[in-house]
Amino acid sequence: MSLSAVLLAAGSSPTPTPSESPSAVTVPSLQDAQESATNAASWVEQNWSTWLAISLRVLLILVIAGVLRMVVRRAITKLIDRMNRTAQAVDGTAIGGLLVNNERRRQRSQAIGSVLRSVASFIILGTAALMVLGAFEINLAPLLASAGVAGVAIGFGARNLVTDFLSGVFMILEDQYGVGDTIDAGVASGEVIEVGLRVTKLRGDQGEIWYVRNGEVKRIGNLSQGWATAGVDVTLRASEDLDNVKRVLGEVAEKMSKEEPWNELLWSPIEVLGLDSVLLDSMVVRVSAKTMPGKALTVERELRWRIKHAFDAADIRIVGGATVPAEEEPADPAEAVAAPSVFANSESAQHAAASPLASTPAQRPAAK
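For the sequence shown, our numbering assigns the number 75 to the initial residue and increments by one for each residue that follows.
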C-alpha cells in the first residue's frame, strides 16, 4: 500500500467529536504553530525599534547621571581639600596658630562636604529616576502628587528633626562656632567637643556633657572668637593717694606684660581706666586689658595676685567695699527704768519717769 493511500484512508476515517470522546485534547496543528510564530515575529519586527530606542534612552540617562554624579562629588571633594590646605597654610604663621583650630576646620569641612555630596546625589539620582519613568511613558502626575502629600505629612510629623537639621546646616555654613570654642547657647554653656547637623555636644564647667539640639538654640554667645576682656576692680580707702596708686598699678602692669606666658596671653597693654566709683569711705579703681579668647579669667586671677602683693609692699590698704555707718536710734529715757509697781508711790521720781508725758499742762497731775 502506498503512502498516498494510507493518508487518504486516514483522512476518510471519521474524526471523533467532543460528544464521542470528551476526554480528548485538541492538539495544535503545525499550521497553528506557524501562524503564532509569524504573529510573534511580526510584532517583534514592528516594535523592536521602539524598544531599542527606549533602552538606549534609559541607558543614556543612567550613564549621564552616573558621570555627572561622579564629577560633582569629585569637585566637592577637591573644594574641601583646598579648604583644608588653606587652613594648614595659615597655621604656619604666628598669628594663625592662635586663631585657627585644625580640628574645628577639619570637622566643619567634613560636615559641609557630606551635606553637599548628599544633596548633589539626591538631586541627580532623583532627576534621573523621573526621566527613566518618563521614557517608559508612565504618567508622573499621580506619583508627584503622592510624593507631595507624603512630604507634607512627613514634614508635619518630623518638623523638629527638619528644624534641627536646617539649623545645623546654616550653623556650619556660617561658622558660628566649632570644636574647641567656649559658647553660651542659652540652654547650656561650655566647651564645644563635637558639632553635628542635629546635635551639638558641649562639656560644662563641672565636666558634664550637654547634648543641645540645634533647633533649640535661639542665640549663641561665642567666647572664643576675637578677643576677651580681663577687668579687675580694686576697692581702696578714700584717703589713699591716687597718684601713688596709679604708679604702683603701672609697675605691676609693665612687669606682668614682659613675663611669660602672660606676654602671649595679653593682646593689649594693661590700662588703669580710672575711678569707677567714689563713696564716702571707699573708692574703686578699674584695671582692664584685652586677652586671648578664653583666657580672661586666668589673667584676672594673676592680676589680682600681683596687685595685692604690690599694695602690701607699698602700704596701700585694700578694703572690702563700701560701708555705710548704721544710724543710731535715740535712746528711750524710760528704757532703763523698771515699770512701777502697783504699790509704788505715784509721786515718786521713778513713777514720773515711767509714766507718759502729758501733752498739756492741764493733763499733768496737780502737786499736792
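Even glycine gets a Cβ: it sits at the ideal position worked out from N, Cα and C.
(1) Sort V253, I128, V319 and V358 by Cα distance to L207 and report the nearest one.
(2) Closest to G270 by C-alpha separation, out of W379, L310, V361 and R180, would be which residue?
(3) Buried or exposed: which applies to V398, given that a residue is buried once 16 or more other Cβ atoms fall within 10 Å of its Cβ?
(4) Within 10 angstroms of the Cβ of S342, are there 16 or more other Cβ atoms? Answer buried if so, exposed if not.
(5) Could you give the distance in angstroms between the alpha-carbon of R182 and the alpha-carbon of G252?
(6) Between the region 215 to 226 and the region 252 to 261, are three or more C-beta pairs nearer than 8 angstroms?
(7) Taking the beta carbon of K332 as the centre, do at least 16 other beta carbons fall within 10 Å, making it buried, or is it exposed?
(8) Between the region 311 to 325 and the region 344 to 362, do three or more beta carbon pairs fall short of 8 angstroms?
(9) Am I right that R293 and G260 are in contact with their C-beta atoms under 8 angstroms? What's the rounded C-beta distance?
(10) May I ask which residues mark the beginning and end of the alpha helix (DSSP H) holding I246?
(11) Hey, would you say K382 sits closer than 7 angstroms to V346, going by beta carbons?
(12) Measure the alpha-carbon distance for G140 versus Q250 and round it to whole angstroms.
(13) Pairing CB atoms from the region 323 to 340 with CB atoms from the region 362 to 369, are three or more of them under 8 angstroms?
(14) Closer than 7 angstroms by C-beta to D238: which residues in its own chain qualify, once you throw out the five before and the five after it? Chain order, please.
(15) Which one or two residues does DSSP pair with V444 in a beta bridge?
(16) Give me, in chain order, the residues of the same chain whose beta-carbon lies closer than 7 angstroms to that of S110; leave out the 5 immediate sequence neighbours on both sides.
Well, looking at it:
(1) I128
(2) R180
(3) Its pLDDT being 44, under 50, V398 is placed unreliably in this model, and the value from its coordinates should be taken loosely. Looking at its Cβ environment, which holds fewer than 16 other Cβ atoms inside 10 Å, V398 is exposed.
(4) exposed
(5) 7 angstroms
(6) no
(7) exposed
(8) yes
(9) 6 angstroms
(10) R233 to E248
(11) no
(12) 35 angstroms
(13) yes
(14) R272, R287, N288 and G289
(15) There is no way to answer for residue 444, as the model of the chain reaches only from 75 to 442.
(16) none
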